[in-house]
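To start, the structure under review is shown below, and the notes come after it.
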Amino acid sequence: MNICSLIVHTKPTQGAEVCQRLQGFQGVEVHGGTEEDKLIVTIEDEGESMSPVSDTMNALRDVKGVVNTVLIYHFGGEESMEEMNREIN
């Protein structure tokens, strides 16, 4: 399981519109910031049916009205650490 939080900067006055677009992504939740055009967003992937968090983060940058995304926090759990160790070795 991966969980990350981001700030999604939008074009001026487009925070609410972008918020609606982001809610169409599986695992994405918007927690606020629409009035400031700086959305507080979390992405969570659980299970095989979802794209990796990194793919979702990249897709958010391409949403109409998004200027920039900034990763604030990432938690990957034990599975992610084991996978990383396998890739390194």
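Just so we're aligned, residue 203 is where the sequence shown starts under the numbering used here, counting upward by one. Every residue gets a Cβ at the ideal spot worked out from N, C-alpha and C, and that includes glycine.
- For Arg223 and Asn204, the gap between their C-alpha atoms comes out near 22 Å.
- Using a Cβ distance threshold of 8 Å, Val255 and Leu241 do not count as a contacting pair.
- For Ser207, the pairing in a beta bridge is given by DSSP as Thr244 and Tyr275.
- Between Asp257 and Gly229, the C-beta spacing is not below 8 Å.
- Rounded to the nearest angstrom, the gap between the Cα atoms of Tyr275 and Asn260 is 16 Å.
- Here the alpha carbons of Ile290 and Lys213 stand approximately 39 Å from one another.
- The beta-bridge partner set that DSSP reports for Val232 consists of Val243.
- If you draw a straight line from the Cα of Cys221 to the Cα of Asp264, it comes to about 14 Å.
- In this structure, DSSP gives Thr258 a helical state, which the three-state scheme calls helix.
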